[in-house]
């Protein structure tokens with residue numbers, strides 16, 4: 016339930032199929048109250064476990080979990096102190112790794128495009144990590160819709176400003192894709208005039224022109240691990256442990272040292 020990457024559904028579903036269980040997907044528009052309502056509906060029709068995205072949930076959701084004693088795991092995050100088992104990656108670490116790649120190339124003026132932080136602890140963790148790394152860097156932060164169009168709009172807004180940025184750090188490959196499209200539409204060369212960095216490593220990111228430098232998040236492995244955790248919990252009643260999965264920097268053609276001034 017929640018804002019799932021499309022990469023996670025096949026891996027989770029196929030893993031559950033192997034355990035003679037079925038995956039039912041409920042969308043919530045990122046609204047905790049809708050999530051709680053959808054969760055109750057699934058429990059009412061006999062759901063044996065829930066996989067939810069992130070750690071921000073309505074009180075009604077937590078009440079449902081504890082009252083029904085339903086197995087539930089939170090994905091796309093990792094926090095051993097959280098009350099549900101978490102299976103995912105270090106969002107703050109992924110953002111710092113992306114930033115460090117740009118800094119190592121020599122970039123100091125960096126614009127950050129990100130989706131809404133309200134009710135999204137994964138994006139909030141990434142933004143907070145970057146703000147804490149500012150130091151002597153000239154970073155600006157721009158919240159846009161988490162979509163290709165949002166990436167385009169972010170670039171359009173940047174181009175209406177002073178234009179000192181030499182790199183664009185997008186906290187999602189979806190935003191980076193839109194950013195590259197808009198930069199190309201404006202005749203701005205990537206990476207010769209501005210570097211573009213993403214986070215996710217979506218399937219299409221390796222086929223953009225130029226190919227997108229990004230941080231690979233282990234979404235497919237996360238889906239398999241979540242499926243195994245839920246299946247085991249349902250069958251044995253053993254609560255799974257928190258699970259941290261490693262991310263990886265993937266350097267491609269969309270980033271380069273800043274052009275000499």
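In this note's numbering, the protein residues as written are 16 to 276. Yeah, the Cβ is synthetic: ideal placement off N, Cα and C, and Gly gets one too. Keep in mind that this is a model prediction, so the values were computed, not measured.
Runs of beta strand (DSSP E) lying entirely within the segment 119-175, each at least 3 residues, in chain order = Fully enclosed beta strand (DSSP E) runs of 3 or longer: 124-129, 153-158.
inquiry  = Rounding to the nearest angstrom, what Cα-Cα distance links residue 24 and residue 275 in this structure?
reply    = 45 Å
task = Examine the Cβ distances between the segment 79-89 and the segment 130-145 and report whether three or more of them are shorter than 8 Å.
result = Result no; under three Cβ-Cβ pairs closer than 8 Å.
inquiry  = If distances are taken between C-alpha atoms only, which option among 102, 55, 83, 50 comes closest to residue 27?
reply    = 102
query = Could you give the C-beta distance for residue 228 and residue 212, rounded to a whole number, given that I count them as a contact under 8 Å?
reply = 5 Å
inquiry  = Just to confirm my understanding: we take residue 151, look at its own chain, exclude 5 residues before and 5 after, and list those with CB closer than 8 Å. What are they?
reply    = 123
request  = Assuming residue 277 and residue 144 form a contact by the criterion Cβ under 8 Å, report the distance between their Cβ atoms to the nearest whole angstrom.
outcome  = Summary: the structure shown does not reach residue 277, with the chain confined to residues 16 through 276, and so no result is reported for it.
Collapsed DSSP secondary structure at residue 98 in the structure displayed = coil
inquiry  = Going by DSSP in three states, residue 212 sits in which element: helix, strand or coil?
reply    = strand
message = Quick check on residue 104: buried or exposed, where buried means 16 or more other Cβ atoms within 10 Å of its Cβ?
response = buried
query = Would residue 41 pass as a contact of residue 75 if the rule is Cβ separation under 7 Å?
reply = no
query = Going by the beta-carbon positions, is the gap between residue 109 and residue 230 smaller than 7 Å?
reply = In this structure, residue 230 lies closer than 7 Å to residue 109 by Cβ.
task = Using alpha carbons as the reference points, say which of 68, 242, 215, 43 lies closest to residue 233.
result = Considering only alpha carbons, the answer is 215.
ask   = Taking DSSP as the reference, what is the three-state secondary structure of residue 40?
value = Reduced to three states, the DSSP call for residue 40 is coil.
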